[in-house]
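What follows is a short report on a single structure.
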Amino acid sequence: MLKSFVGFTLLAVATVSAKILEPHDVVSLPRPGGVLASPNGRMAVYGESVYHADNDKTTRSLYLLDLESTSVSALTAPSFDEAQSDPFFLDDEHVAFIQHNPDEPVDQLYAINIKDGEQKPYKLTNFPIEFGNIKYNAAKRLLAFTAMVYDDASTLDATKERDQQLKETKKDSGIAYDQLMVRHWDKFVPEKKSNIFVVGLDLEDGQFKLAEEPRNLLAGSGLECPQFGLGDSSEYDISPDGEEVAFLSKIQGPSNAWESSKHLYVVSTSAKVKPFVINSDIPAATSGPKYSPSGLLGYLQMYEPQYESDRNRITIYDRHSGTRTVIAEQWDRSPSELVFSADSTHVFVVASEYGREKIFSIDLITHVVEPLTEQHSASGLSLVNNHTLLFTLNSMQFPNVVHSLDVSTGKLQRYGPAPSLGDALGGIDMAKPEEFEFTGALGDRVHGWMIKPVDFDPAKKYPVAFLIHGGPQGAWEDNWSTRWNPQVFAGAGYVAILINPHGSTGYGQEFTDSIQHHWGSHPYRDLEKGLDYILETYEFLDADRVAGLGASYGGYMINWLNGHSDRFKAFVNHDGMFSTVQAYYTTEELYFVEHDFGGVPYHPLSRIIYERWSPSNFVQYWKTPTLVIHGARDYRLVDGEGLATFTALQRQGVPSRLLYFPDENHWTLKPANSLRWHKEVLDWINYWTQNDNKEEDRQQMNCNHQEEKDDQPRMIIQHAVDQMI
């Protein structure tokens, strides 16, 4: 009998002499990675990285968990020269991991006997090119990994030879393309493709070694796994018998830029036959393939073309009969990962629900869905023994911590954290997130979060940090963030407000879908209504000191608000959209824009939707001081969007500042850059939300601002679109 766990788990954090969470803490706190258990389920291993601001370096090391005693111990020591990551068990006594050595051109796989305290790590591989996305079948001693290789030089050695030849003979830097995509996320698409390799291992004299040359399972197929840019090891899985690999590959050819189709393939690990596809009839995205212990193949299937936020349906493929079965079709949630029970009668999934990432159990026969957790955000599910799930859990109050859940009793067990993280968190006081609801744009309930300063005094008035999430099909959830952490704003003296407007995920598919063709209407009205609600409900909020901040779609909404609202004292726009039309022609994933705006912008009808919701058409109304942030390597919303935003502000005399990162993408990831990001953001909103309101600057702004333009063109466009949609 499965038991539902509905409790609440928190780290034990000292409150004596507590201090607030500051940007330096967010950047420097140890960051644990995913956790994997040993075959017998008694031990687990994970990696951890720590940024050291004094020398701008990051250390990476490994930790062992004793799942029986709950103790945590260091497996490797942090070092500025060597680094270990991506650990996994080869058997119950040996752990393998990626080792970075400064004197080696390629990071290699090393192994160590965790029972033998005298044995030092030894090298397991000596591959000539970079590799990663490792998976391992311990029962069959089969190692799988991916590497970028050429279609006509598809072995590791042949690719290395080709690379060396090009390095010696190619004098120019030109790259020629005959089709899209040209680039993806933050890199230009290369000639090479990511292929899956497998190789058997032997155990001799207490040490593992490669038993053969790696085999390329995708050689000659023209397929790629994982997808270039953002793909990872979740895009493939090894069958329990080691006889085959299931993997995802996006549609090839120029249409891959405007089609979201990603299909599921199966290929023999012998590499003697070509891969075959099992869902080519569905022109939509597939994700999360996972084998059951009995050999069933589960995966997550979308059905709507061009839509990357369609609902994921849990699908079971019977390898013997070739039949596909959709599980819990009526369940209005969209899982992001799955794992089977030991007896293959249930699947355990993680899905967003009401601002959390919860674990659910689903019976494969009855299709009954049962929640196993209710609070915080879980990820990285794996099965230990017959009835225990292992995963990490995090919240707005603590970063990733390893947990296990006995699905038969509902007992939740927390492990650690490691002393490094526990010591770093000790003494930091973080506010408990509160929730609120209000009636939104379409008459339904809209959910939001509020985080107060830790020394909150209800008799005082507090400025508001009004945070707007990206996506737009995303959500503010009870999870830990190193980029947009509401505790940082609360620590700086703000009440942080995070609203999940229409278009957000976790509130049903209809709620998510409602933003299509309505980027600037339903979500905008939700945010305005939400701001009305909190200012009327909570007397401690200062309506005259509200700052709006957002990234990606949140940055788009900042630009939209600047043209439609005068309620904010300051804005922060991170990598936001300026022109919907121009963004279409410069982004890489055309299917996203085409879906949300009803087609291509050169079609007259869909062009109306693009123009109606383009912030560029309303710049004449911009008055609010704005900090614009953009990364040069952002190929989702290119830096021209940020430069155009800054130009529109500067040309009209609106107080503005541009923070530009030549080495960042859509996200600010490098620790030193993150510290600069936080300083600029907090300095900006602090300056403009101070009580004197910077009246002198505002008067100068109003003198320099152009006279407001005739509103008739805007009304004509809006009326035309209203009649159409």
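Mapped onto mature numbering (1 follows the signal peptide of the UniProt record, and there is no 0), the consecutive letters of the sequence shown carry residue numbers -18 to -1, 1 to 707.
Even for Gly, the Cβ is constructed at its ideal location relative to N, Cα and C.
None of these values were measured; they are calculated from a predicted model.
ask   = What residue does the beta strand (DSSP E) around T421 start on, and which one ends it?
value = Taking the first residue of the sequence shown as 1, we reach residue 421 at position 439. Note, T421: beta strand (DSSP E), E416 to T421.
key: Buried versus exposed, by CB contacts within 10 Å (16 or more), R338   = Mapped onto the sequence shown, residue 338 falls at position 356. Buried, because 16 or more other Cβ atoms sit within 10 Å of the Cβ of R338.
query = When you compare only the Cα positions, how much space is there between Q66 and Y92?
reply = Residue numbering aside, residue 66 sits at position 84 when the sequence shown is read from its first letter. Residue numbering aside, residue 92 sits at position 110 when the sequence shown is read from its first letter. Approximately 9 angstroms between the Cα atoms of the pair.
message = Using DSSP's beta-bridge definition, name the partner residues of K272.
response = The residue given as residue 272 occupies position 290 in the sequence shown. In the DSSP output, where bridge partners are listed per residue, K272 has G280.
inquiry  = Do A126 and P21 count as a contact pair if the criterion is CB distance below 8 angstroms?
reply    = Residue numbering aside, residue 21 sits at position 39 when the sequence shown is read from its first letter. Residue numbering aside, residue 126 sits at position 144 when the sequence shown is read from its first letter. Not closer than 8 angstroms, so no.
inquiry  = DSSP three-state label for F62, please.
reply    = Indexing the sequence shown from 1 puts residue 62 at position 80. Three-state result, F62: coil.
query = Skipping 5 residues on each side, what residues in its chain have a beta carbon closer than 8 angstroms to that of Q234?
reply = In the sequence shown, residue 234 corresponds to position 252, counting from 1. So the qualifying residues of the chain are G204, L205 and E206.
message = Looking at the secondary structure, which residues open and close the beta strand (DSSP E) in which G182 lies?
response = The count along the sequence shown starts at 1 and reaches residue 182 at position 200. K175 to E186 is the span of the beta strand (DSSP E), which, as asked, contains G182.
request  = Give me the Cα-Cα distance between K1 and D263, rounded to the nearest whole angstrom.
outcome  = Reading the sequence shown from its first residue, position 19 is the one you call residue 1. Reading the sequence shown from its first residue, position 281 is the one you call residue 263. Each residue's Cα considered, the two are about 57 angstroms apart.
inquiry  = Runs of 4 residues minimum, wholly inside the stretch 509 to 587: which ones carry the alpha helix (DSSP H) assignment?
reply    = 535 to 544, 562 to 568 and 572 to 579
message = I want to know whether the stretch 535 to 550 touches the stretch 596 to 615 - three or more CB-CB distances under 8 angstroms.
response = yes
key: Extent of the continuous alpha helix (DSSP H) to which D74 belongs   = Start at 1 with the first residue of the sequence shown, and residue 74 comes out as number 92. No alpha helix (DSSP H) holds D74; DSSP gives it neither H nor E.
Boundaries of the alpha helix (DSSP H) in which V663 is found, first to last residue = Sequence index remark: in the sequence shown, residue 663 carries index 681 (1-based). Run containing V663: P653 to T671, per the alpha helix (DSSP H) assignment.
ask   = Between the stretch 430 to 440 and the stretch 20 to 35, do at least 3 Cβ pairs fall closer than 8 angstroms?
value = no
query = Tell me, which residues are paired with L125 by DSSP?
reply = Taking the sequence shown and counting its residues from 1, one reaches residue 125 at position 143. Partner(s): Y118 and V181.
request  = Using three-state DSSP, classify P236 as helix, strand or coil.
outcome  = By 1-based counting over the sequence shown, the position of residue 236 is 254. Note: P236 maps to helix in three-state DSSP.
request  = Locate the beta strand (DSSP E) running through F628, then write down its first and last residues.
outcome  = Walking along the sequence shown from the start, residue 628 turns up at place 646. No beta strand (DSSP E) holds F628; the alpha helix (DSSP H) holding it covers D621 to R633.
Proximal residues to N461 (C-beta, below 6 angstroms), its chain only, five neighbours per side dropped = For this step, residue 461 is matched to residue 479 along the sequence shown. Counting only Cβ-Cβ distances below 6 angstroms, and skipping sequence neighbours, we find S359 and N376.
ask   = Would you call the stretch 264 to 283 and the stretch 321 to 339 touching, i.e. three or more CB-CB distances under 8 angstroms?
value = yes
ask   = Which residues in the same chain have their Cβ closer than 6 angstroms to the Cβ of M559, if we skip the five residues on either side of it in sequence?
value = Along the sequence shown, one-based indexing puts residue 559 at 577. Taken in chain order, the residues that qualify are Y538, A565, L619 and E623.
ask   = Terminal residues of the continuous beta strand (DSSP E) containing P381?
value = Walking along the sequence shown from the start, residue 381 turns up at place 399. From DSSP, the beta strand (DSSP E) with P381 extends over F380 to D388.
Alpha-carbon spacing of T606 relative to V477, whole angstroms = Numbered from its first residue, the sequence shown carries residue 606 at position 624. Numbered from its first residue, the sequence shown carries residue 477 at position 495. The alpha-carbon atoms of T606 and V477 are separated by roughly 20 angstroms.
ask   = Tell me, which residues are paired with Q90 by DSSP?
value = In the sequence shown, counting from the first residue as 1, residue 90 sits at position 108. In DSSP, Q90 forms a bridge with Q81.
query = Can you give the Cα-Cα distance for P583 and Y603, rounded to whole angstroms?
reply = Position 601 of the sequence shown, counted from the first residue, corresponds to residue 583. Position 621 of the sequence shown, counted from the first residue, corresponds to residue 603. Their backbone Cα atoms lie some 24 angstroms apart in a straight line.
task = Look up V321 in the DSSP assignment and give the residues it is bridged to.
result = Taking the sequence shown and counting its residues from 1, one reaches residue 321 at position 339. For V321, which the question treats as bridged, DSSP gives the partners F330.
ask   = Using 8 angstroms as the Cβ pair cut-off and three pairs as the minimum, do the stretch 239 to 254 and the stretch 303 to 314 touch?
value = no
query = If P287 sits next to E217, beta carbons under 8 angstroms apart, how far is it from one beta carbon to the other, in whole angstroms?
reply = For the purposes of this step, residue 287 is taken as the residue at position 305 of the sequence shown. For the purposes of this step, residue 217 is taken as the residue at position 235 of the sequence shown. Contact doesn't hold; Cβ gap of about 20 angstroms is too wide.
key: Cβ pair count under 8 angstroms reaching 3, the stretch 384 to 396 against the stretch 357 to 373   = yes
inquiry  = Within a Cβ cutoff of 6 angstroms, which residues of the same chain sit near G23, ignoring the five residues on either side of it in sequence?
reply    = Along the sequence shown, read from residue 1 onward, the residue named residue 23 stands at position 41. Excluding positions up to five away in sequence, the list reads V366 and N367.
task = Counting only the same chain and skipping the five closest in sequence on each side, list residues whose C-beta sits under 6 angstroms from that of D621.
result = Numbered from 1 along the sequence shown, position 639 holds the residue referred to as residue 621. Excluding residues within five positions, the ones whose Cβ falls inside 6 angstroms are H612 and A614.
key: Where R338 falls: helix, strand or coil (DSSP)   = Indexing the sequence shown from 1 puts residue 338 at position 356. Reduced to three states, the DSSP call for R338 is strand.
message = I'd like to know whether the C-beta atoms of V663 and L609 end up nearer to each other than 8 angstroms.
response = Locating residue 663 in the sequence shown gives position 681, counting from the first residue. Locating residue 609 in the sequence shown gives position 627, counting from the first residue. In contact: V663 and L609 (Cβ atoms closer than 8 angstroms).
Runs of beta strand (DSSP E) wholly within the stretch 202 to 262 (minimum 3 residues, chain order) = 218 to 220, 226 to 232 and 244 to 250
message = So for Y104, helix, strand or coil by DSSP?
response = As a first step, residue 104 must be located in the sequence shown, where it is residue number 122. Reduced to three states, the DSSP call for Y104 is strand.
inquiry  = I need the straight-line Cα distance from F71 to G392, nearest angstrom please.
reply    = Stepping through the sequence shown from its first residue, residue 71 is reached at position 89. Stepping through the sequence shown from its first residue, residue 392 is reached at position 410. For F71 and G392, the distance between alpha carbons rounds to 27 angstroms.
Residue nearest to P325 in terms of C-alpha spacing, selected from I347, W313, A333 and Q634 = One-based indexing of the sequence shown puts residue 325 at position 343. Per the sequence presented here, residue 325 reads as Asp, with Pro not at that position. Closest option to D325, Cα to Cα, is I347.
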